[in-house]
Amino acid sequence: MEESQSQKPKRYIIPRPRNAYNFAVALFVAFGSLSYGYASSISAAFIGIPEWYAYMGLIEGSSYSNSIIGVINCIYSIGGVFGCIYNMWAAEYFGRKRSIQMGCLMAIVGATIMTASVNIPMFVVSRLVMGFAIGILVTLVPLYQARKPQSPIPPDSSRFPMAMLLSQGREDEAWKTIKRLHANKKDPEDTYAKAEFRQMKAQIWFEREHDAAGFLAQARLAFSRRSFRKRLALGFLVQAGNQFTGALVVNNYQTTFYNGLGITGRLPLLLVGRFNFVTVPGNLANGLLGDYIGRRKFVITGCACLCVVLSVGAALTARFAETRTTNKVGLGFRVAFIFLFPVFYPVCLDATMYLIPAEIFPMIIRSFGISFNIMGQWVTTIILLGAAPTAFEKIGHNFWTTKGKTLEEISIIFGDPVGLTEVGHFATEELKEKQEQGAVEYATSKKGGES
-8 MEESQSQKPK RYIIPRPRNA YNFAVALFVA FGSLSYGYAS SISAAFIGIP
42 EWYAYMGLIE GSSYSNSIIG VINCIYSIGG VFGCIYNMWA AEYFGRKRSI
92 QMGCLMAIVG ATIMTASVNI PMFVVSRLVM GFAIGILVTL VPLYQARKPQ
142 SPIPPDSSRF PMAMLLSQGR EDEAWKTIKR LHANKKDPED TYAKAEFRQM
192 KAQIWFEREH DAAGFLAQAR LAFSRRSFRK RLALGFLVQA GNQFTGALVV
242 NNYQTTFYNG LGITGRLPLL LVGRFNFVTV PGNLANGLLG DYIGRRKFVI
292 TGCACLCVVL SVGAALTARF AETRTTNKVG LGFRVAFIFL FPVFYPVCLD
342 ATMYLIPAEI FPMIIRSFGI SFNIMGQWVT TIILLGAAPT AFEKIGHNFW
392 TTKGKTLEEI SIIFGDPVGL TEVGHFATEE LKEKQEQGAV EYATSKKGGE
442 S
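264 is the number that our numbering gives to position 273 of the sequence shown; each next residue is one higher, with no gaps.
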């Protein structure tokens, strides 16, 4: 029995000392996520306030207002794209700490402009600035937080800031920092810190030999090697795929959902606050269970659960919301399924989509790789957030179908002028009216074109 225990492999090559300061640093950096949460969630608040529409000279629910709302959210995502691109260079040039500080400062500036906005152009500019700032923060914060406890020595992600100091020749400053992070009474000789410091120095020399210092060098290396291209594609698709679950669409436009269910006044804002509060324990569960369950299982489970939630929610919308029913039980179930979204998404997907890019890249291209991957989130939300308000107004829960329709009848559905729908007569009076209206419009436009 003793022999089998002695042969059991140790979890760490060098015992890893626990340090409250290390945890405090990660917790403090997590406040960057608060900035991101505020900047993203504020959209759900202001589009649910009738006074905001009146102040900005908009009519709530009109096509023009929906277009403006789409532009405001779209501009925020465009700012995020530029923030990621900027971060590919700035994180190498200024360092991670300075870049995070810069992102926080710009987020404050953007929030100030947004609060002081007196018209739509000023408001749009504020969202662009905030998007740029969050594009920086949402890239760098996971770098400080991601780690893999089962490794013999923690991965490069938790050592990346010190590695940056080493690459700039600031060895003394890097050693003092890493020594403080791992200081522990059980390790008076700083054995663990010294081993990690040696490994970082060796990694820096390896990078210099491969000429991977700087943004352009990292970009060339990332796209020139097949294994690195695979990582870029994987991380980009993880970010984009997470947004196709409708996460930011549900978050940003949930007040629109509540109004469609007949919930008006200040109650939608209260529901928005509760919606976001539900995500807190979910993200905590993801952080505690992620290393035991695994990233892949979390992603697959989350996507499957959200598919069910969104499908049932769409059916309830069709049955109770769009029919303007007064069935409070049915409307209540629709609200319940909205609140099921922040149950499954944070637990399975929210934190996971940032951990995967932070963990799959070697240090040699990590700065460029993570920025490129998270850019996938912003590119996707440009499309989704920009189109969502108009889609809610024009399409709703529906999607066009061609089943059982002739080509002529499909043209009528989309408002095009056609001839007879059947041999010699119209299928319905409604189709006849649409055909006649379309024919008149077509004849008028044709006559105008000929003149």
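In this text, a Cβ means the ideal position worked out from N, Cα and C, and glycines have one as well.
By the Cβ rule, the segment 313 to 333 counts as touching the segment 291 to 301, because three or more pairs are nearer than 8 Å.
In this structure, DSSP gives D282 a helical state, which the three-state scheme calls helix.
Taking a cut-off of 8 Å on C-beta distances, the segment 34 to 46 touches the segment 240 to 247, as three or more cross pairs fall below it.
The Cβ neighbour count for S218, taken over all protein chains shown within 10 Å, is under 16; the residue is labelled exposed. For N57 and G251, the gap between their C-alpha atoms comes out near 14 Å. If you draw a 10 Å sphere on the C-beta of A81, you find 16 or more other C-beta atoms in it, and that means buried. For L331, the enclosing alpha helix (DSSP H) has its first and last residue at K319 to Y336. The beta carbons of G122 and G70 sit closer together than 8 Å. Each residue's CA atom was taken as its position, placing A124 and E400 some 50 Å apart. The count of Cβ pairs closer than 8 Å, one atom from the segment 226 to 243 and one from the segment 368 to 376, reaches three, so the stretches are in contact. Counting only runs of 4 or more residues that sit fully inside the segment 9 to 96, the alpha helix (DSSP H) segments are 11 to 20, 22 to 37, 41 to 46 and 54 to 84, in chain order.
Under the three-state reduction of DSSP output, N233 falls in the helix class. For K396, the three-state secondary structure derived from DSSP is coil. The continuous alpha helix (DSSP H) containing N242 extends over residues A238 to N243. Rounded to whole angstroms, the Cβ separation of I63 and V115 is 6 Å, and the two are in contact under 8 Å. Counting the other Cβ atoms within 10 Å of the Cβ of E187 gives 16 or more, which makes it buried. Per the C-alpha coordinates, the member of V240, Y84 and S26 positioned closest to L96 is S26.
Shown here, I401 sits in a helix according to DSSP, grouped into three states. Here the segment 92 to 106 makes no contact with the segment 334 to 353; the two share fewer than three CB pairs at distances below 8 Å. Leaving aside the five residues that flank A238 on each side, the residues in its chain whose CB is nearer than 7 Å to its CB run, in chain order, Y336.
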